[in-house]
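Take a look at the structure below.
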Amino acid sequence: MTFSVSLGDVFGEDLFGSFFGGGRSRGGGGRSRGVRGSNLRVKLKLNYEEIAKGVTKNIKVKKYAVCSTCGGNGAKDKGSVQTCSTCHGSGQVKRVQNTFLGQMQTVTTCPTCNGEGSTITAKCNSCRGEGRVYTEETITIDVPAGVQAGMQLNVSGKGNAGERGGMPGDLLVLIEEETHKELQREGLNVAYDLHISFTDAVFGINVEVPTIEGRAKIKIPPGTQSGKIFRLKGKGFPNVHAHYEKGDQLIQVNVWTPQHLTDEEKKNFRKTEPFGQP
Ligand SMILES: [Zn+2]
Ligand SMILES: [Zn+2]
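For the sequence shown, my numbering assigns the number 129 to the initial residue and increments by one for each residue that follows.
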């Protein structure tokens, strides 16, 4: 699978694809088969772990697929495909005009067969001559690690089948991100808010924190100030274009300062006051 990533410009092409899809496969002259299929657009929601590691997804898509009865040419059988009598199979017609400059020759697409070089005398019953049928297909998508919401993967040739053997369109996969309960993506980095008690900030503590790929143990040293940020190197997301480049996990410490203390607790805090003073 080839993929290209583009941010933005996600909508719009589909409309043009279906209205002008046929026009694209033409051009350049010569025989062209059928009409190009339009692009298909799907959304794919991924969680943080899938984004970090990359994932292979099988998704069901409703689309036009090549008719298996006629193999896509739209004819009832071999005998019902005839070489076009206007262009004799070339798909082109030449016109010679006499002008004051002399004879001018122009080559245009054959109007009888629309450039296909053949005509059909009896249509396939399964697809009524269209060469394709509307059906559901499972498509495998290889998502590279490090994609982001709003990116688009182009799966070449997996869009709608063309009419009468025309080129298929592409499948355009729009990436969406599932939100994580505890982590927040910030580009390649991932942020986590750690809440610890005043006492734990004073004396230090070993705590477990969530990461994209499971939980990790970290050591909060004694005397940690609220707002301090600890960095878990390489625990962020890989760069989609360069997987060796990885982000970090940033752990911001938030110290709960007690508000409602009993007289006893207040007395104890006064005793430990030297700890809290820099
Ligand atoms: Zn058919
Ligand atoms: Zn023709």
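Using N, Cα and C, we set each Cβ at its ideal position, and we do this for glycine too.
If the five residues before and after Ser325 are omitted, its C-beta is found closer than 6 Å to the C-beta atoms of Trp384, all from its own chain and listed in chain order. Your pair Leu174 and Ile357 does not check out as a contact, with CB atoms roughly 27 Å apart and the cut at 8 Å. In the DSSP assignment, Ile357 falls within the beta strand (DSSP E) that extends over 357-360. In this structure, Gly245 has its beta carbon less than 7 Å from a heavy atom of ligand 2. Here the distance from the Cβ of Thr214 to the nearest heavy atom of ligand 2 is below 7 Å. Selection around ligand 1 by beta-carbon proximity, strictly under 5 Å to any non-hydrogen atom, yields Cys195, Thr197, Cys198, Cys252, Ser254, Cys255 in chain order. Taking non-hydrogen atoms of ligand 2 into account, the C-beta of Thr240 is found less than 7 Å away from one of them. Residue range 342-348 is occupied by the beta strand (DSSP E) that includes Ala344, with no alpha helix (DSSP H) assigned at that position. For ligand 2, a non-hydrogen atom lies closer than 7 Å to the CB of Gly219. Annotated as distal: Gln220 and Cys241, with beta-carbon spacing of 8 Å or more. In this structure, the CA atom of Gly259 is about 10 Å from the CA atom of Asn253.
Closest in C-alpha terms to Cys212, from the list Ser246, Glu373, Cys255, Gly278, comes Ser246. Taking a C-beta distance under 8 Å as the contact criterion, Ala250 and Ala203 qualify as a contact pair. Note: Met232 is bridge-paired with Gln225 in the DSSP secondary-structure output. Of the residues Gly165, Val330, Thr197, the one whose Cα lies closest to the Cα of Lys347 is Val330.
In the displayed model, Lys374 falls within a strand according to three-state DSSP. DSSP places Ala180 inside the alpha helix (DSSP H), whose first and last residues are 176-181. Assigned with DSSP and collapsed to three states, Asp270 falls in strand. In the displayed model, Arg260 falls within a strand according to three-state DSSP. Put simply, the backbone Cα of Leu389 is about 14 Å away from that of Lys399.
Take the alpha-carbon of Glu341 and the one of Tyr192: they are about 39 Å apart. Inter-residue distance for Lys171 and Glu314 is about 22 Å (C-alpha atoms, whole angstroms). Thr327: member of the alpha helix (DSSP H) spanning 326-331, first to last residue.
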